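Going from the sequence shown to our numbering is simple: count from 1 and add 34.
Beta carbons: idealized from backbone N, C-alpha and C, even for Gly.
The model shown is predicted, which means the values in this text are computed figures rather than measured ones.
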Amino acid sequence: MENKASVMVQRYELGRLLGQGTFAKVYYARNTGSNQSVAIKVIDKEKITKASLIDQIKREISIMRLVRHPNILRLYEVMATKTKIYFVLEYAKGGELFDKVAKGKLKEDVAWKYFYQLINAVDFCHSRGVYHRDIKPENLLLDENENLKVSDFGLSALAESKRQDGLLHTTCGTPAYVAPEVINRKGYDGAKADIWSCGVVLFVLLAGYLPFHNSNLMEMYRKIGKAEYKCPSWFPREVRRLLSRMLDPDPNTRTSIALIRQSSWFKKGLRSKNARSGVESNAVAPEDATAGSGPSEGSVAADGNQEPDRPPTLNAFDIISLSAGFNLSSLFEDNSKKKETLFTCRKPASVILSKLEEMAKLLRFRVQKKEAGLLKFEALTEGKKGALSIDTEIFEVTPSFYLVEMKKSNGDTLEYQKVLKEDIRPALKDIVWVWRGEQEQQQQDPQPQPLQPQDQVRDPYPEQDGASQPQ
Ligand code: AMP
Numbered sequence: 035m036e037n038k039a040s041v042m043v044q045r046y047e048l049g050r051l052l053g054q055g056t057f058a059k060v061y062y063a064r065n066t067g068s069n070q071s072v073a074i075k076v077i078d079k080e081k082i083t084k085a086s087l088i089d090q091i092k093r094e095i096s097i098m099r100l101v102r103h104p105n106i107l108r109l110y111e112v113m114a115t116k117t118k119i120y121f122v123l124e125y126a127k128g129g130e131l132f133d134k135v136a137k138g139k140l141k142e143d144v145a146w147k148y149f150y151q152l153i154n155a156v157d158f159c160h161s162r163g164v165y166h167r168d169i170k171p172e173n174l175l176l177d178e179n180e181n182l183k184v185s186d187f188g189l190s191a192l193a194e195s196k197r198q199d200g201l202l203h204t205t206c207g208t209p210a211y212v213a214p215e216v217i218n219r220k221g222y223d224g225a226k227a228d229i230w231s232c233g234v235v236l237f238v239l240l241a242g243y244l245p246f247h248n249s250n251l252m253e254m255y256r257k258i259g260k261a262e263y264k265c266p267s268w269f270p271r272e273v274r275r276l277l278s279r280m281l282d283p284d285p286n287t288r289t290s291i292a293l294i295r296q297s298s299w300f301k302k303g304l305r306s307k308n309a310r311s312g313v314e315s316n317a318v319a320p321e322d323a324t325a326g327s328g329p330s331e332g333s334v335a336a337d338g339n340q341e342p343d344r345p346p347t348l349n350a351f352d353i354i355s356l357s358a359g360f361n362l363s364s365l366f367e368d369n370s371k372k373k374e375t376l377f378t379c380r381k382p383a384s385v386i387l388s389k390l391e392e393m394a395k396l397l398r399f400r401v402q403k404k405e406a407g408l409l410k411f412e413a414l415t416e417g418k419k420g421a422l423s424i425d426t427e428i429f430e431v432t433p434s435f436y437l438v439e440m441k442k443s444n445g446d447t448l449e450y451q452k453v454l455k456e457d458i459r460p461a462l463k464d465i466v467w468v469w470r471g472e473q474e475q476q477q478q479d480p481q482p483q484p485l486q487p488q489d490q491v492r493d494p495y496p497e498q499d500g501a502s503q504p505q
């Protein structure tokens, strides 16, 4: 029997419990090869299956791999057993930012630094079409240099309030950080909702308490709906002005990230940051190529996918390798014998669909549209093991970035591979950005490799579900 300090995949030595939520427990761990500290989030698959979160999580993990920024917690890899999913994350040694605020309001320059880093992270993600939708204290962590690390970007399906109560913390299920239009369940703009939450965070950093707080939930809703809050006397005028624009109940007139950057308080801090090199080295992580000049200032490629420090295609490789590691359907449906073919695509969904239909016509396949994003191709002629049939699923990662999965659902494997190589690949060449198979030769980034189906993962918590077996 393994205990909690067991070695997982012979690469991670698990240590103490860092935190806990409904779906997940987070442990400190050490990569035994590199000695690197990481945090491992262990998610109970059964719980997320019951909550019907699987598809969302699969997609959101792809997103998390897309967003690499010094103020966003890195997701290194994803592993799984039959019962658990493991996220290997960057370790935020400084813990939660709000544990600091709980000790009292922050000085203006310190609050500015965290707000600045938060806006940089959020701006970066928005430029890639990714919205957090759940910015709140538990998701703002600090590294050993007191730099902000936003966690759960793209994993908001898993995020939930864990605190029971407290001066600063959301009571479980209360909407203290949530924009009015989100509460009203109207269709909402993710960017504007994030800006509201950033406004609440700014208030809390400087005040030491929440702007909207009431033991009566209805009263709290009412206050949020009308943006009824009162700034404490020590708030500078520039902050009040900025807050009133961020905490505008109407998302249409609410300010934008570009305008936040233009605000006098934001710029004032930037000037003093530049003047005081000590703060500068704290405010921006050393590896940061984008912070300090966020996407609004043009440092990120217009295509929204290029990362400044890596070749542009690596994003696609990340996603594909991750999908292989996460093994999409196979982890959950236990059909790991089936091999999927994956490619990424930077064309709109309509273009992908019409190209796939064109391909079907060319190859004399019948096309059946099963449901949104799911197509079935069936050969009109019989093969060695019946008619070849291929299921194709299109996943939206961002509106301009798709992951397409093709899987043989009937017919002979060799015949399928031949058709794939000789017919399908050439027919789709105009829309494919990267095929999964191309990743192995080209990826140079020495990241930990995601789990392959044949890898052995030992469940570190056998006492909770003794039936857990490596896949
Ligand atoms: P979560 O379920 O992601 O909200 O994590 C629960 C708690 O675990 C957080 O509130 C943090 O206190 C802690 N935690 C989560 N991720 C990390 C990390 N990468 N490094 C350090 N602590 C973490």
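Classify L48 as buried or exposed, calling it buried when 16 or more other Cβ atoms lie within 10 Å of its own Cβ.
buried
Decide if G303 is buried, meaning its Cβ has at least 16 other Cβ atoms within 10 Å, or exposed.
It counts as buried.
Taking 7 Å as the line, does the beta carbon of D186 fall inside it for any heavy atom of the ligand AMP?
yes
Residues in the same chain with beta-carbon distance under 6 Å from E124, minus the five sequence neighbours each way, listed in chain order, please.
L107 and R108
Count the other CB atoms within 10 Å of the CB of T378; is the residue buried (16 or more) or exposed (fewer)?
buried
Tell me N444's beta-bridge partners as DSSP assigns them.
S423
Below 8 Å on the Cβ atoms is my contact criterion, and I expect L244 with V238 to pass it. Report the Cβ-Cβ distance as a whole number of Å.
6 Å
Is L52 near the ligand AMP, with its Cβ less than 7 Å from a heavy atom?
Within the cutoff, so yes.
Decide if M252 is buried, meaning its Cβ has at least 16 other Cβ atoms within 10 Å, or exposed.
exposed
Would you say the beta carbon of E124 is closer than 7 Å to some non-hydrogen atom of the ligand AMP?
yes
Do the CB positions of I153 and F121 come within less than 8 Å of each other?
No, the pair does not count as a contact, with Cβ atoms beyond the cut-off.
Would you say K75 touches the ligand ZN, meaning its beta carbon is less than 7 Å from a heavy atom?
In terms of ligand content, the structure shown lacks the ligand ZN and carries the ligand AMP instead.
Around the Cβ of S161, are there at least 16 other Cβ atoms within 10 angstroms (buried) or fewer (exposed)?
S161 counts as buried, since no fewer than 16 other beta carbons sit within 10 angstroms of its beta carbon.
Closer than 7 Å to a non-hydrogen atom of the ligand AMP - does that hold for the CB of L107?
yes
State yes or no: is the C-beta of L174 nearer than 7 Å to some heavy atom of the ligand AMP?
No; taking the cut-off as 7 Å, the Cβ of L174 has no heavy atom of the ligand AMP nearer than that.
Verify the contact flag: A58, CB atom, against every heavy atom of the ligand AMP, threshold strictly below 7 Å.
yes
Assuming K441 and I428 are in contact, meaning their beta carbons sit under 8 Å apart, how far apart are those beta carbons, in whole angstroms?
13 Å between Cβ atoms; not a contact.
In chain order, which beta strand (DSSP E) runs of at least 3 residues are fully inside the segment 143-186?
Complete beta strand (DSSP E) runs here, min 3: 174-176 and 182-184.
What three-state label does DSSP hand L281 in the structure shown?
coil
Can you pull the DSSP bridge partners for K418?
Paired residues: G420.
Under 8 Å, do M254 and P283 count as touching if we go by C-beta distance?
no
Apart from the five residues on each side of it in sequence, which residues of its chain come closer than 7 Å, Cβ to Cβ, to Y148?
L131, L182 and L239
I want to know whether the segment 441-452 touches the segment 461-469 - three or more CB-CB distances under 8 Å.
Result no; under three Cβ-Cβ pairs closer than 8 Å.
Measuring only the C-alpha atoms, how far is S267 from E178?
33 Å
Is Y255 close to chain C, meaning its C-beta is less than 8 Å from at least one C-beta of that chain?
In summary, chain C is missing from the structure at hand, where a single protein chain is found.
Taking the C-alpha atoms as reference points, what is the distance between A227 and L276?
16 Å
Which residues does DSSP list as the beta-bridge partners of W469?
In DSSP, W469 forms a bridge with F377.
So what's E262 in DSSP terms, helix, strand or just coil?
Annotated three-state conformation of E262 is coil, per DSSP.
In chain order, what residues of the same chain have a beta carbon less than 6 Å from the beta carbon of L397, not counting five sequence neighbours either side?
D457
Taking just the CA atoms, how far does L174 sit from Y165?
15 Å
Have a look at the DSSP bridge pairing and note the partners of V72.
A63 and E124
Just to confirm, are R400 and E416 a CB contact at a threshold of 8 Å?
no
By the 10 Å Cβ neighbour count, where 16 or more other Cβ atoms means buried, how is K170 classified, buried or exposed?
buried
By the DSSP assignment, the beta strand (DSSP E) with F399 in it spans what residues?
F399 to E405
Using 8 Å for Cβ pairs, my map puts M280 next to R288. What's the rounded Cβ distance?
Right, the Cβ-Cβ distance comes to about 7 Å (below 8 Å), so this counts as a contact.
Under 8 Å, do K257 and F269 count as touching if we go by C-beta distance?
no
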